Amino acid sequence: MQSKNHFLLIDFLKLFAALLIILHHFSSYGQLAEDAKSLLPGLMGFLFDYGRYAVQIFLVMGGYLAAQSLSSQTNLRNPRALLKLIFNRYLRLFTPYLVALLLTICCAWIARFWVQDEFVGESETLGQLLAHLFFLQGILGLDSISAGAWYVAIDWQLFSILAILMGLLPNSRSLIWVATGLAVTSLLYFNRHSEYENYFIYFIGSYGLGVLAYLAKNQGDAVGSPTVDTIVTCLAQGLFGLIGVVILISSLQDLWIRNCLAYFVALALIIWGSRAYKDEKHARFHTAVLTILWGSRRSYCAFLVHFAFILLANTIYIAWGMHTHHDGLVALTLMLVAVVLSWVAANYLYQLVEIPSRKLKLKLKL
1 MQSKNHFLLI DFLKLFAALL IILHHFSSYG QLAEDAKSLL PGLMGFLFDY GRYAVQIFLV
61 MGGYLAAQSL SSQTNLRNPR ALLKLIFNRY LRLFTPYLVA LLLTICCAWI ARFWVQDEFV
121 GESETLGQLL AHLFFLQGIL GLDSISAGAW YVAIDWQLFS ILAILMGLLP NSRSLIWVAT
181 GLAVTSLLYF NRHSEYENYF IYFIGSYGLG VLAYLAKNQG DAVGSPTVDT IVTCLAQGLF
241 GLIGVVILIS SLQDLWIRNC LAYFVALALI IWGSRAYKDE KHARFHTAVL TILWGSRRSY
301 CAFLVHFAFI LLANTIYIAW GMHTHHDGLV ALTLMLVAVV LSWVAANYLY QLVEIPSRKL
361 KLKLKL
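Residue numbering for the sequence shown follows full-length UniProt numbering, beginning at 1 and increasing consecutively.
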């Protein structure tokens, strides 16, 4: 059997971040979360308070992988090619996102018969759905249909901005300087003002760290000489280190955990991001590696679909009268079952929707 090389840290971070944000949401919404907290107050409190920081892992990973993908593109300076690339990114995100939204709408409709809670929300409007389909719900100030919908919109904004920058800037050195400036500005200002949280500038600090992490260990320009590549790498490493100093100094006055976490995730990618694990059938950790790879590939779908199962689990908990006993063990058991079912549904969404939808691409003659 042919062995394969996998970048295990990247796959592990994708799985870990997805699982952490899912558990954070399960610990945040509904009577189910309140009763489960009575059994495990420390763990549930930790997930509620700190689970949201998994978003920083997503952002750094997103910047790293986007830079990796875009660096292989040779025609970003062609406006038609650039628009095609951005639109194809939209298509790749869109199809599983749409299916998950429709599932969530159905589950919310069922939940409203029994669950009287703010997180269920009011009935969705056509305008609200259309705004979600074009990733505009946050910018227009509309309520989110699903807990993770905002991130999909932000991811597309960030990818588009990075692609445009790489198309406009003359070389990787220019990109490094601009990415550093945007990252520092975001980390120290925009990321600390909630009025910007529906726009890329709020998140580009962590995303930019991921971009710099990729450039700090990989050649910059596809046609660059070894000397130029070395200069690019050293410049990225130097400015990455400078950002670390800025974060450290700013943390002495006001500690922002998310900035520190984003920096350490990016640092881990610089050190271990390209370290491949040769997966062989009889290797000692073969089963663990397969589990990580399985979860990593389905992490986007799990992120999309899990809110529907939060709605369903809370509906069952209340409709069947289990909430009247306030039994923490029952609540926790139902919560864990819903988490498992979220990943089962993610598997089907991945196989039946996400993989086939990758064939949906805009084809333009350039």
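Positions of the beta carbon are idealized from the N, C-alpha and C atoms, including for glycine.
Nothing here was measured: the structure is a model prediction, and the numbers come from that model.
Per-residue DSSP class, three states only, for residue i
i	result
residue 134	coil
residue 346	helix
residue 7	strand
residue 147	coil
residue 338	helix
residue 276	strand
residue 35	helix
residue 193	coil
residue 29	coil
residue 253	helix
residue 173	helix
residue 118	helix
residue 14	helix
residue 139	coil
residue 73	coil
residue 218	coil
residue 317	helix
residue 223	Low local confidence applies: a pLDDT of 46 at residue 223 is under 50, so the model's placement there is unreliable, and no value is given.
residue 125	coil
residue 327	coil
residue 267	helix
residue 358	coil
residue 198	coil
Distance between residue j and residue i (C-alpha atoms, nearest Å)
i	j	result
residue 27	residue 314	12 Å
residue 289	residue 15	12 Å
residue 332	residue 303	20 Å
residue 64	residue 130	30 Å
residue 222	residue 214	With a pLDDT of only 47 at residue 222, under 50, the local geometry of the prediction cannot be trusted, and no value is derived from it.
residue 48	residue 22	11 Å
residue 310	residue 109	13 Å
residue 201	residue 62	15 Å
residue 85	residue 320	49 Å
residue 40	residue 18	21 Å
residue 69	residue 324	52 Å
residue 205	residue 227	29 Å
residue 351	residue 190	38 Å
residue 264	residue 7	18 Å
residue 20	residue 50	9 Å
residue 88	residue 159	11 Å
residue 216	residue 42	39 Å
residue 349	residue 98	11 Å
residue 369	residue 170	The chain is shown from 1 up to 366; residue 369 falls before or after that span and cannot be answered.
residue 168	residue 154	21 Å
residue 166	residue 76	7 Å
residue 235	residue 356	40 Å
residue 13	residue 326	35 Å
residue 32	residue 147	16 Å
residue 353	residue 145	20 Å
residue 251	residue 152	29 Å
residue 186	residue 212	15 Å
residue 340	residue 174	45 Å
residue 209	residue 266	6 Å
residue 73	residue 66	11 Å
Span of the alpha helix (DSSP H) around residue i
i	result
residue 322	Per DSSP, residue 322 belongs to no alpha helix (DSSP H) and is neither H nor E.
residue 79	79-111
residue 353	Counting along the chain, residue 353 falls outside any alpha helix (DSSP H), and DSSP gives it neither H nor E.
residue 286	286-297
residue 41	41-50
Burial state of residue i, where buried means 16 or more other Cβ atoms lie within 10 Å
i	result
residue 203	buried
residue 298	buried
residue 195	exposed
residue 176	buried
residue 295	buried
residue 271	exposed
residue 135	buried
residue 11	buried
residue 35	buried
residue 249	exposed
residue 55	buried
residue 276	exposed
residue 120	buried
residue 128	buried
residue 71	buried
residue 292	buried
Any C-beta of chain B under 8 Å from that of residue i
i	result
residue 185	Here chain B cannot be found, since the structure has a single protein chain.
Cβ-heavy atom distance, residue i to the ligand ATP, below 7 Å
i	result
residue 18	The ligand content of the structure shown is nil, which means the ligand ATP is not present either.
Do the region 231-248 and the region 179-193 touch if we need at least three Cβ pairs shorter than 8 Å?
-> Yes: at least three Cβ pairs fall under 8 Å.
Assess, as a yes-or-no matter, whether the region 133-153 is touched by the region 340-353 under the definition of 3 or more beta carbon pairs within less than 8 Å.
-> Judged by Cβ distances under 8 Å, the region 340-353 makes no contact with the region 133-153, as fewer than three pairs qualify.
Kindly confirm or deny that the region 350-362 and the region 86-96 touch, where touching means at least three C-beta pairs closer than 8 Å.
-> Touching, per the Cβ criterion.
Would you check if the region 97-106 and the region 72-85 touch, i.e. whether three or more CB-CB distances between them fall below 8 Å?
-> With the rule of 3 Cβ pairs closer than 8 Å, the region 72-85 does not count as touching the region 97-106.
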